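For the sequence shown, my numbering assigns the number 1 to the initial residue and increments by one for each residue that follows. Before any comments, here is the structure.
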Amino acid sequence: MGENTLTITDNRTGKQYDLPIENGTIKAMDLRQIKQSEDDFGLMTYDPAFMNTASCKSRITFIDGDKGILEYRGYPIDQLAEKSTYLEVAYLLLNGELPDRAQLSDWTRNITYHTFINESIKKVIDGFHYNAHPMGMFEATLGALSTFYPDAKDIFDKECRQKQIYRLIAKVPTIAAFAYRHRIGMQYAYPDNDLSYEGNFLNMMFKTTELKYQPNAVLERALTVLFILHADHEQNCSTNAMRSIGSAHTDPFSSLAGAAAALYGPLHGGANEMVLRMLREIGSIDKVPEYIKRVKAGEFRLMGFGHRVYKNYDPRARIIKQVADEVFAVTGKDPLLDIALELERIALEDEYFVKRRLYPNVDFYSGIIYQAMSFPVDMFPVLFAIPRTSGWLAQWVELLEDPDQKIARPRQVYLGHRTREYVPIERRKAAESGAVGA
Ligand code: CMC
C-alpha cells in the first residue's frame with residue numbers, strides 16, 4: 001500500500017480498494033471498480049454544483065478562498081492591478097508570461113486591428129427592440145458573430161485560433177458599446193484606434209459631438225483596474241460553461257455567447273446590477289438595519305455578499321474600494337456609497353454573516369463606481385463580460401490542449417419510473433398525469 005493512497009472498505013462486500021491520491025484528489029473513475037456484483041455499474045460520486053469536484057487541471061488562476069488570495073499565473077492580483085494594463089494581463093492569462101516590449105506591442109497592434117465589426121453586425125444590433133437589455137444583445141451578437149467567421153470552427157489550428165482570440169478581445173468592447181448606443185437611441189461611435197483599449201471603449205460609449213474624444217485619465221485607469229480584477233476567476237459558473245460548451249468542439253464565438261449567458265445570472269455577473277438596485281431600494285442609511293433583518297429572515301439575499309470560494313474578504317473588493325476614492329474625486333461622491341458602507345459595517349459584525357463567513361465580493365462596490373462613471377445599471381454585467389473574455393479564452397485554450405479532457409458529460413442518479421406500458425389518452429386520469437411530472 002503506497003503512502004499516497006486512499007484505502008476504501010466497501011462494507012457491502014467487505015472488499016478493500018487502494019486508490020492513488022494525486023494533487024490532493026482521487027480520480028472519480030477509480031471508484032467505478034467498487035461494485036457489489038459483476039453487473040453493478042460501479043460507485044459514482046454525487047456532487048451537484050461541483051461543490052467538491054475538480055473538473056480540470058489548470059495553470060491559469062490560483063485562489064485561496066480562506067486566505068483571500070487571488071493570483072493570475074502566479075502574480076498577485078494587487079500587484080497586477082497597481083502596475084499592469086488590461087491588455088498586458090490578457091496576454092499573461094493566455095500565454096502564461098508577461099509580455100516583453102516587442103510582444104506587447106505586437107499583441108496590442110493585433111487587437112487594435114480587429115476592433116471594427118462587420119457593418120452587417122450593426123444590423124443585427126439594430127434589430128433589437130428599443131429597450132432590449134444590453135447583456136441580451138451582447139450575448140446574441142456574440143453568437144451571431146460565429147456566422148460571420150466560419151473559419152473559427154478550425155479550433156485545432158493554432159494560427160486560426162489565435163486570430164479568433166484577437167477578434168474576440170478586440171470586438172467585445174465594440175459590441176458592448178453599440179448595444180448601449182442602440183438602447184439609448186444614439187448613433188454608433190466607431191472605434192478610435194489611437195486610444196488605449198479602455199479609452200477607446202469610453203469613446204465608443206460616450207462620444208457625442210466632439211471631433212476627438214479624450215477620456216479622463218483617472219476614469220480610464222479606474223476602468224483598467226476593474227478590467228484586470230474581472231479578467232479571470234478560475235472555474236466559476238461562466239468559465240465552466242465556456243469549458244463545457246468548448247468540450248463539444250464548438251467554435252469560440254458560440255462558446256463565448258454561452259459563457260456570457262451564464263454570467264448574466266443574478267447569482268454571478270448579474271449581481272453587480274442587483275447590488276445597485278438593492279442600494280436604491282434601501283434608499284437611506286437609517287433603513288439598513290431593517291433591510292439586514294429581512295435578509296436574516298430569509299426574505300432575500302444581500303447582493304454582493306458571499307462567495308462559493310472566498311470565505312474571507314474578496315481581495316478584489318478591497319482593491320475596488322480604493323479605486324472608488326479616486327473615481328469619486330473626479331465625479332463627486334455617490335450617496336449610495338454611504339449605504340453600502342453601512343451595510344458592510346453591520347453585516348461584518350452580525351452573527352448571521354460572521355457564522356456563514358459572508359463578506360463583500362467583487363460586485364459589492366464595482367456597481368457604485370460604474371454608476372459614478374455614468375454607466376447605466378443594465379450595462380454592469382456587460383462591463384464584467386468584456387474583461388472576462390480573456391479569461392474565458394485562456395481557459396478554453398487550456399481545455400483544447402489538455403489530453404485529459406473529453407466532451408463534458410456528467411452522470412446522474414436516476415430516481416424516476418422504470419419501464420412501463422404506454423397509457424392511451426382516454427385512459428389517463430388527471431392525478432396520474434400530474435404524477436408523471438412530479
Ligand atoms: N445573503 C444572505 N445569506 C447568504 C448570502 C447572501 N448574499 N449568501 C449566502 N448566504 C447564506 C445562505 O442562505 C446559506 O445559509 P444557510 O446555511 O442558513 O442555508 C449559507 O449562507 C451558504 O450559502 P450557499 O447558498 O450554500 O452558498 P453558495 O456557495 O452556494 O453561494 C453565492 C454563493 C455567491 C451564490 C451566494 O453567496 C449568493 O447568492 N450571493 C449573492 C449573489 C452575489 O453577490 N453573487 C456574486 C458572486 S461574486 C462574483 C461572481 O461570481 O460573479
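The beta-carbon is built from N, C-alpha and C at its ideal position, and this holds for glycine as well. Keep in mind the model is a prediction, meaning the values are calculated, not measured.
Leaving aside the five residues that flank residue 320 on each side, the residues in its chain whose CB is nearer than 6 Å to its CB run, in chain order, 365, 366. Within the chosen limit of 6 Å, ligand 1 does not reach the beta carbon of residue 294 with any heavy atom. Using a cutoff of 6 Å, the CB of residue 265 does not count as near ligand 1, since none of the ligand's heavy atoms is closer than that. Annotation: residue 298 to residue 355 spans about 15 Å, alpha carbon to alpha carbon. Bridge pairing for residue 19: 6 [DSSP]. Ranked by how close their Cα comes to the Cα of residue 310, the residues 62, 58, 11 have 62 in first place.
According to the DSSP assignment, residue 72 belongs to the beta strand (DSSP E) that extends over 69-72. In this structure, the C-beta of residue 268 approaches ligand 1 to less than 6 Å from one of its heavy atoms. The beta carbon of residue 307 sits closer than 6 Å to at least one heavy atom of ligand 1. Secondary structure note for residue 353: it is in no beta strand (DSSP E), and the uninterrupted alpha helix (DSSP H) holding it is 351-355. Relative to residue 346, the option among 27, 193, 295, 177 whose CA is nearest is 295.
If you look at residue 363, you'll find it in the alpha helix (DSSP H) that goes 362-372.
Residue state for residue 75 is assigned as strand, using DSSP reduced to three classes. The C-beta of residue 381 has 16 or more other C-beta atoms within 10 Å across all chains shown, which makes the residue buried.
Contact between residue 406 and residue 244 is ruled out by a C-beta separation of about 12 Å, above the 8 Å threshold. Residue environment analysis places residue 258 among the buried positions, since at least 16 neighbouring C-beta atoms fall within 10 angstroms of its C-beta. A contact is defined here as three or more CB-CB pairs under 8 Å, and the region 195-205 fails this definition with respect to the region 22-30. With respect to residue 145, residue 253 sits close: the two C-beta atoms are nearer than 7 Å. Less than 7 Å separates the beta-carbon of residue 91 from that of residue 99.
When the alpha-carbon of residue 58 is set against those of 49, 374, 222, 72, the nearest one is in 72. At least one heavy atom of ligand 1 falls within 6 Å of the beta-carbon of residue 304. The C-alpha of residue 78 lies about 9 Å from the C-alpha of residue 318.
Short note on residue 54: C-beta not closer than 6 Å to any heavy atom of ligand 1. The beta-carbon distance between residue 170 and residue 114, rounded to whole angstroms, is 4 Å. This is short enough to meet the 8 Å contact definition. In chain order, 98, 99, 104 place their CB closer than 8 Å to the CB of residue 88, counting only its own chain and leaving out the 5 sequence neighbours on each side. Relative to residue 133, the option among 181, 388, 160 whose CA is nearest is 181. Ranking 276, 260, 168 by CA distance to the CA of residue 94 puts 168 first. Take residue 344, set aside five residues on each side of it, and the residues of its chain with a beta-carbon closer than 8 Å to its own are 360, 364, in chain order. Looking at the DSSP output, residue 305 shares a beta bridge with 360. Residue environment analysis places residue 238 among the buried positions, since at least 16 neighbouring C-beta atoms fall within 10 angstroms of its C-beta. Remark: the shortest separation between the CB of residue 361 and any heavy atom of ligand 1 falls under 6 Å. For residue 420, the number of other beta carbons within 10 angstroms of its own is below 16, and it is reported as exposed. Remark: fewer than three beta-carbon pairs, one from each stretch, lie closer than 8 Å, so the region 205-220 and the region 273-289 are not flagged as touching. With a threshold of 6 Å, the Cβ atom of residue 356 counts as near ligand 1, since some heavy atom of the ligand is closer than that. In this chain, residue 108 is not harboured by any beta strand (DSSP E); it is covered by the alpha helix (DSSP H) spanning 101-113. Looking only at 174, 193, 353, 47, the smallest Cα-Cα distance to residue 383 is reached by 174.
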